[in-house]
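End of the sequence shown sits at 95 in the working numbering; the numbers just go up one at a time, nothing left out.
For every residue, glycine included, the Cβ atom is placed at its ideal position computed from N, Cα and C.
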Amino acid sequence: MTCIKPEEILENMLQAGALKAKLPVKHMLLRGFMAGAFLGYATT
52 MTCIKPEEIL ENMLQAGALK AKLPVKHMLL RGFMAGAFLG YATT
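Have a look at this one:
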């Protein structure tokens, strides 16, 4: 198993956050709805 440096993890997290911040409102609402539906189904 290869080790991943903390700097690489941080860089990937920052890139993912920047990508999510640029999402259109429609996509954010859809993702939020789907996440809520998934949590509701999983906890029932």
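Would you give the residue range spanned by the alpha helix (DSSP H) that residue i belongs to?
i, result
"L90", "V76 to A93"
"I60", "P57 to A72"
I need the straight-line Cα distance from residue i to residue j, nearest angstrom please.
i, j, result
"A93", "L80", "20 Å"
"F84", "T95", "17 Å"
"A72", "T53", "30 Å"
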